[in-house]
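Q: First the structure, which I've put down as structure tokens, then a few questions once you've had a look.
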Amino acid sequence: MKRLNTIYLQLYHSPCGDLMLGSFEDKLCLCDWVTRRHKEAIYQRLQRNLQADYEEEASEITLKASRQLDEYFRKQRINFDLPLLFTGTVFQKKVWNKLLEIPYGKTVSYRELACQLDIPNAVRAVANANGANAISIFVPCHRVIGSNHTLTGYAGGLEAKKMLLTLEND
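Its first residue numbered 69, the sequence shown is counted upward by one per residue in the numbering used here.
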């Protein structure tokens with residue numbers, strides 16, 4: 069069944085792996101690692117919640133996202149200014165909005181993030197919401213680390229997470 073709405077997709081080649089950018093109407097709804105395991109769940113969630121089909125064609129938003137990512141990787145940008153569209157539960161959106169508050173070059177633990185959300189006993193739920201983030205880098209889930217300061221879980225892989233954190237701290 070053809071849906072009326074369209075999510076426009078564009079591939080982006082980053083220094084730490086390929087990303088699929090997606091826009092819906094005038095907002096970025098996807099910046100996800102091509103190699104991510106279980107990415108189908110993210111794609112299905114977007115498609116279901118937005119009642120949209122995918123089309124591999126650049127949009128004004130995905131082109132702008134590409135330019136901003138280029139600047140980020142050249143260390144010419146520390147803040148993004150694209151309109152974002154979150155598709156998830158109320159809880160997930162709360163976690164993703166809190167991720168936007170983590171400053172460039174800083175990290176927080178999953179426990180600290182849960183405490184900032186006033187739900188200190190929900191570390192696992194916060195970690196799961198963090199992992200369900202469909203807008204990597206723009207929504208900096210890579211800045212969340214283990215309580216013992218180790219790099220833990222990242223959709224783009226731990227090597228990509230390490231590269232992003234190193235980029236922000238050099």
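Yeah, the Cβ is synthetic: ideal placement off N, Cα and C, and Gly gets one too.
Beta-carbon within less than 6 Å of phenylalanine 141's beta-carbon, same chain only, minus the 5 sequence neighbours each way: which residues are those?
A: If you number the sequence shown from 1, residue 141 lands on position 73. Taken in chain order, the residues that qualify are Pro83.
Q: So what does DSSP say about glutamine 136, is it helix, strand or coil?
A: Counting from one through the sequence shown, the residue named residue 136 turns up at place 68. Three-state result, glutamine 136: helix.
Q: With 16 other CB atoms within 10 Å as the buried threshold, where does lysine 166 fall?
A: Within the sequence shown, residue 166 is the residue found at index 98, counting from 1. When all chains shown are included, lysine 166 counts as buried.
Q: Decide if glycine 173 is buried, meaning its Cβ has at least 16 other Cβ atoms within 10 Å, or exposed.
A: Mapped onto the sequence shown, residue 173 falls at position 105. Exposed, since its Cβ has fewer than 16 Cβ neighbours within 10 Å.
Q: Give the DSSP-derived three-state secondary structure of threonine 234 in the structure shown.
A: Along the sequence shown, one-based indexing puts residue 234 at 166. The answer is helix: DSSP assigns threonine 234 an H, G or I state.
Q: Mark histidine 210 as exposed unless 16 or more other C-beta atoms lie within 10 angstroms of its C-beta, in which case mark it buried.
A: What you label residue 210 is simply residue 142 of the sequence shown in a count that begins at 1. That one is buried.
Q: Is it a yes or a no for the region 186-201 touching the region 143-160, going by three-plus beta-carbon pairs under 8 Å?
A: Result yes; three or more Cβ-Cβ pairs closer than 8 Å.
Q: Determine contact between the region 115-128 and the region 168-184, defined as no fewer than three beta-carbon pairs at a distance below 8 Å.
A: Segments in contact, no.
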